[in-house]
Amino acid sequence: MIMNENNNTKKQIRKAAVIVGDKIAETVYDPVLKKTQFATFVDGKVEYKEAVVTNGEDVYPLDAKNDIVDKQVVLLPSKAVEYGTETELIQEIQTFIHKYLDITPMFERIAAYYAMFSWLYDRFNEVPYLRAIGDFGSGKTRFLQVIGSICYRPVCMGGATTPSPIFRILNELKGTLVLDEADFKSSEMSDDIVKILNSGYQRGIPVLRSEGKGVFEVKAYDVFSPKVIATRETFNDKALESRFLVEEMGHGTLRTDIPRRLSDEFYEESRGIRNKLLMWRFRNFNKLLVFDDAPLEGIHPRLHQIIIPLLTIIESEEMKTSLKEFVQKYNQELIADRGMSWESDIIFAILKMEREKKIDSMTVKEITDSVNNEMDLSDETLQTRKVGWILRARLQLKTYKTRKGYTLSLSKNKDKLVFWKERYGITEADLSGECVNDVNVVETPIETANIGF
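Numbering of the sequence shown is given in the numbering used here, commencing with residue 1337 and proceeding in unit increments.
Here is the structure:
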């Protein structure tokens, strides 16, 4: 404890990191001595200190006796270590991932760059997420262990964790959330996780929570950070789906050279890479970032937005091209997934009737009958009332009452219909019945991310 002028004790100020201008202090943890220090980087040199002074106050690193550190809920580097060239570092990261994890070669490279990016994420205004999806025994947990262990200040949590500590830990540590079994059985818990994921990809969107007993207090939690998660299924929120770079697990026989258990060697190697990435963070944190924001054909703006940070730190033009191709393919999968919904069926029916009948308005009942006529007899059929609700509540299309019933004006809802046509990837060839596989998504320019200082 620190003594003030009146000889009263006051609580020590502890932080995971302190950044003032070009000076950086990061908590490091020695697992042998069970001791934390600040690794500081000033004028190109690394020094280790028990505390740093900020605004006239002593600030201390995270407490080594705290369960979060002592039980390795958060994984910290132990010191800053030289890494050679950046190319050598990214190769070492990819070799480490390949040694312990069976994923596609393309995703190995994405994961390596993502881990590196996470150590500079706070220089950006948006972050992408990584996700493994698959059933039990498909390797999702190993995905989290391997990739998560080398990300920036990873906070490792399982499906049994309640949302409350997740909000608090992310707010305090501002590290990478590594979350297993993120599709919680409890709808309330699932809703909280979705809030964290929806708010946490962009800077400046805190989650507000009402807390306390008797007198409730509204608290704002900053959950902006990289996130590496594992789920068995996709999320119902397709907007959320577009924030992930996804690897599907368990499609082939596990490589025979993959260790079936993680030994002490794994943990030593992962700590060694964290140590090198700490030095890389020190050296690159204050460098000028040149954003790679050239428009990508056929990519939804949100997907484009989340990969800008990765494209910005990637030097290899070959890797940039591969990442763009990967995201274009994923974009097509999202559009195909959206197409398997009532909303897309309704929009398709409206556009097809407009094309075939050359009409400007149609009743909700006509839309309902058109959708039902296109469906297999074994499928669930829609009711007119439900279609009317989807038009108004889900698709934001305005109907008006006539003698024939509620009617939709196509000319008055033109902009919305064009928007949904593009969102669901409906092409003129689809409407005319031609057999083609092309997906046409109109690209909308977006602003580049600004450095958050």
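Beta carbons: idealized from backbone N, C-alpha and C, even for Gly. Small disclaimer: the values here were computed from a predicted structure and weren't measured.
{"Item": "Determine the closest residue to E1444 out of A1468, L1456, T1421, G1473, with distance taken between C-alpha atoms.", "Value": "A1468"}
{"Item": "For S1535, which of D1516, F1560, K1688, S1526 has the nearest alpha-carbon?", "Value": "F1560"}
{"Item": "Is it buried or exposed, I1541, if we count other Cβ atoms within 10 angstroms and call 16 or more buried?", "Value": "exposed"}
{"Item": "Quick check on the burial criterion: 16 or more other C-beta atoms within 10 angstroms. Buried or exposed for V1626?", "Value": "exposed"}
{"Item": "Which value, in whole angstroms, describes the spacing of the CA atoms of E1428 and I1682?", "Value": "50 Å"}
{"Item": "Distance, Cα to Cα, T1735 vs T1743?", "Value": "5 Å"}
{"Item": "Cα separation between K1701 and N1708?", "Value": "10 Å"}
{"Item": "Using the Cα positions of T1699 and R1721, report the straight-line distance between them to the nearest angstrom.", "Value": "12 Å"}
{"Item": "Specify whether the region 1402-1421 and the region 1604-1612 touch according to this definition: at least 3 beta carbon pairs, one from each stretch, less than 8 Å apart.", "Value": "yes"}
{"Item": "Would you call the CB atoms of L1632 and K1660 closer than 8 Å?", "Value": "yes"}
{"Item": "For G1473, does the count of other Cβ atoms within 10 angstroms reach 16, so buried, or fall short, so exposed?", "Value": "exposed"}
{"Item": "Check whether the Cβ atoms of T1440 and G1484 sit closer than 8 Å, and answer yes or no.", "Value": "no"}
{"Item": "Quick check: the Cα distance between D1516 and T1567, rounded to an integer number of angstroms?", "Value": "7 Å"}
{"Item": "To which residues of the same chain is N1507 closer than 6 Å at the C-beta, ignoring the five residues directly before and after it?", "Value": "Y1557, D1558"}
{"Item": "Measure the CB-CB distance between L1456 and F1621 and report whether it falls below 8 Å.", "Value": "yes"}
{"Item": "Do you know offhand how far S1578's Cα is from W1725's?", "Value": "25 Å"}
{"Item": "Taking Cβ to Cβ, would you say I1404 is nearer than 8 Å to I1502?", "Value": "no"}
{"Item": "Rounded to whole angstroms, what's the CA-CA distance from A1448 to M1655? Just pull it up for me.", "Value": "11 Å"}
{"Item": "Considering K1688, what are the terminal residues of the alpha helix (DSSP H) in which it resides?", "Value": "1678-1693"}
{"Item": "Do the CB positions of T1372 and K1385 come within less than 8 Å of each other?", "Value": "no"}
{"Item": "Considering only C-alpha positions, which residue in the set A1451, L1647, I1433, K1665 is nearest to P1490?", "Value": "A1451"}
{"Item": "Taking only three categories from DSSP, how would you classify A1375?", "Value": "strand"}
{"Item": "Do E1462 and Q1538 have their beta-carbon atoms positioned less than 8 Å apart in this structure?", "Value": "yes"}
{"Item": "Say whether the region 1419-1436 touches the region 1384-1400, bearing in mind that this needs 3 or more beta-carbon pairs closer than 8 Å, one atom from each stretch.", "Value": "no"}
{"Item": "Under a Cβ-count criterion, where at least 16 other Cβ atoms within 10 Å of its own Cβ denotes burial, should D1394 be classed as buried or exposed?", "Value": "exposed"}
{"Item": "Using three-state DSSP, classify K1563 as helix, strand or coil.", "Value": "strand"}
{"Item": "Could you tell me how far apart the beta carbons of A1685 and E1710 are, in whole angstroms, since I believe they sit closer than 8 Å?", "Value": "7 Å"}
{"Item": "With a Cβ-Cβ cutoff of 8 Å, do W1678 and L1718 count as a contact?", "Value": "yes"}
{"Item": "Compute the beta-carbon to beta-carbon distance between L1437 and F1479, rounded to the nearest angstrom, for a pair I have assumed lies under 8 Å.", "Value": "6 Å"}
{"Item": "Report back the beta-carbon spacing between S1745 and D1696 to the nearest angstrom; my notes put them in contact at under 8 Å.", "Value": "7 Å"}
{"Item": "Does the Cβ-Cβ distance between I1594 and L1687 come in under 8 Å?", "Value": "no"}
{"Item": "How would you write the range of the alpha helix (DSSP H) that I1609 sits in, first residue to last?", "Value": "1600-1620"}
{"Item": "According to DSSP, is A1792 part of a helix, a strand, or is it coil?", "Value": "Coverage of the chain is limited to positions 1337 through 1789, which leaves residue 1792 absent and any answer about it impossible."}
{"Item": "Relative to the C-alpha of K1694, which candidate in S1747, Y1603, I1486 has its C-alpha closest?", "Value": "S1747"}
{"Item": "Where do the ends of the beta strand (DSSP E) carrying Y1736 lie?", "Value": "1735-1738"}
{"Item": "Tell me which residue opens and which closes the alpha helix (DSSP H) that D1406 is part of.", "Value": "1403-1406"}
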